[in-house]
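What the sequence shown shows, in our numbering, is residues 98 to 397, in sequence order.
Quick reminder that beta carbons are idealized off the backbone N, C-alpha and C, glycines included.
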Amino acid sequence: MVLRRDYRPVTEEDYDAVAELHAQGLGRNEIARQINRAQRTVSLIAQELGLEFDVTMTEVATAHRVAQLAAKRSILAEALTDDALRLTEQLWQPAIVFNFGGKDNTFEKREVDEPPADAKKNLMASAGMAIDRSLKLCPPAAEAGADDARGHRRVRRRVPRVDRAPRNPRRRAGQRAPCRLPARQPRSVRARARADWHHLRGRVGGEAHPARHAVTAPQDPGVYISPAQMYQEMRSLHDAVSRVETKLDGLRDDYKDVTDDLSDHETRIRALERGRWPLPTIGVLAGLAGAATGIVALLR
């Protein structure tokens, strides 16, 4: 086994140091920092020695570090807010514009009452970045209050008003509201619906044709449909689907028969191609047939 150059084997001094520091009440991370070892190594040494670290001490240390980080974030957010204020103050203060370079590499400057437009733009962008970072570090507490206020408003809107009079005084408690039919449709709409209905019934070109299947009239979406009529519609649709499935099965069988016939014909053609006679044999047979025809003619 090849070891790394920076690998340092664990010695008895490390075991003694871990046991001594553990007896002092130090945590694993602190022990690792003091003996210059990895945290995993300290954990393995403690496991071999049968030592256990106090979880409560770790939790307290973690809570302490979290509190320190929160305090540092608040300090940093305050500093960023101060920086944003200083940047915005520079927008309206006297400034010095300068330029250097050119052919003679000269330096020129001039005092102005306010920074130029491009400088103001950069100042505003820098101030906005500082404000955004400060808000991310320490969000304002007013946001939670605003959310609570919006939630109270939503709850208050949902509370029904008791002092409001009912819309329909004649309607008694527990009585079902009457069904309101839609307004009368225009003549063009009714004519189109009638034409569609005649087309469904099989009347094409003014001549009556027997309809294959009974089709019920389409209902207006605004009209109430009884459960019995709805059941009848569903039964008719189910029967129509069954008939279509039967036709599809018949077509599938016909297609299978045609496929079988085609394969049979193809087999016969291939057999004829394999057993065809050569051309000399066909010539001899043709000559014999001609001679036989001449002999029959002479005999007559």
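Quiz item: Between the C-alpha atoms of residue 232 and residue 176, what's the straight-line distance to the nearest angstrom?
Solution: Along the sequence shown, one-based indexing puts residue 232 at 135. Along the sequence shown, one-based indexing puts residue 176 at 79. Rounded to the nearest angstrom, the two C-alpha atoms are 12 Å apart.
Quiz item: Pick from 385, 171, 358 and 203: whose alpha carbon is nearest that of residue 237?
Solution: In the sequence shown, counting from the first residue as 1, residue 237 sits at position 140. Nearest C-alpha to residue 237: 171.
Quiz item: Can you tell me whether DSSP reads residue 301 as helix, strand or coil?
Solution: Walking along the sequence shown from the start, residue 301 turns up at place 204. Note that residue 301 has pLDDT 45, beneath the 50 cutoff, so the model's placement of it is unreliable and the number below is only indicative. The answer is strand: DSSP assigns residue 301 an E or B state.
Practice problem: Locate the beta strand (DSSP E) running through residue 219, then write down its first and last residues. | Solution: Reading the sequence shown from its first residue, position 122 is the one you call residue 219. No beta strand (DSSP E) contains residue 219, which is instead part of the alpha helix (DSSP H) from 214-234.
Quiz item: Which whole-angstrom value describes the C-beta separation of residue 209 and residue 191, a residue pair presumed to lie in contact below a C-beta threshold of 8 Å?
Solution: On the sequence shown, residue 209 is found 112 positions in, with the first residue counted as 1. On the sequence shown, residue 191 is found 94 positions in, with the first residue counted as 1. That belief holds up - the Cβ atoms of residue 209 and residue 191 are roughly 7 Å apart, short of 8 Å.
Exercise. State the beta-bridge partners of residue 203 as determined by DSSP.
Key: For the purposes of this step, residue 203 is identified with residue 106 of the sequence shown, where counting begins at 1. 198, per the DSSP bridge assignment.
Quiz item: Any Cβ of chain B within less than 8 Å of the Cβ of residue 114?
Solution: The structure shown has no chain B; it contains just one protein chain.
Quiz item: In terms of residue numbering, what span does the alpha helix (DSSP H) encompassing residue 112 cover?
Solution: Mapped onto the sequence shown, residue 112 falls at position 15. Unbroken alpha helix (DSSP H) run through residue 112: 109-120.
Quiz prompt | Rounded separation between residue 323 and residue 333 - CA only | solution = As a working note, residue 323 is residue 226 in the sequence shown. As a working note, residue 333 is residue 236 in the sequence shown. One C-alpha to the other measures close to 16 Å.
Quiz prompt | residue 176 (DSSP reduced to helix, strand or coil) | solution = Within the sequence shown, the letter at position 79 stands for residue 176. Three-state DSSP puts residue 176 in a helix.
Quiz item: What separation, rounded to the nearest whole angstrom, lies between the Cα atoms of residue 358 and residue 330?
Solution: Against the sequence shown, residue 358 aligns to sequence position 261. Against the sequence shown, residue 330 aligns to sequence position 233. Distance between the alpha carbons of residue 358 and residue 330: 43 Å.
Quiz item: Taking residue 221 as the reference, which of 180, 367, 386 and 193 has the closest Cα?
Solution: Translated into positions along the sequence shown, residue 221 becomes position 124. Cα-wise, what sits closest to residue 221 is 180.
Self-check item: Secondary structure of residue 208, DSSP reduced to three states
Solution: The residue given as residue 208 occupies position 111 in the sequence shown. Here residue 208 sits in strand by DSSP.
Self-check item: Enclosing alpha helix (DSSP H) for residue 140 [first to last residue]
Solution: As a working note, residue 140 is residue 43 in the sequence shown. Run containing residue 140: 136-146, per the alpha helix (DSSP H) assignment.
Quiz item: Since residue 238 is in the alpha helix (DSSP H), which residue starts that stretch and which ends it?
Solution: Position 141 of the sequence shown, counting from 1, holds the residue named residue 238. No alpha helix (DSSP H) holds residue 238; DSSP gives it neither H nor E.
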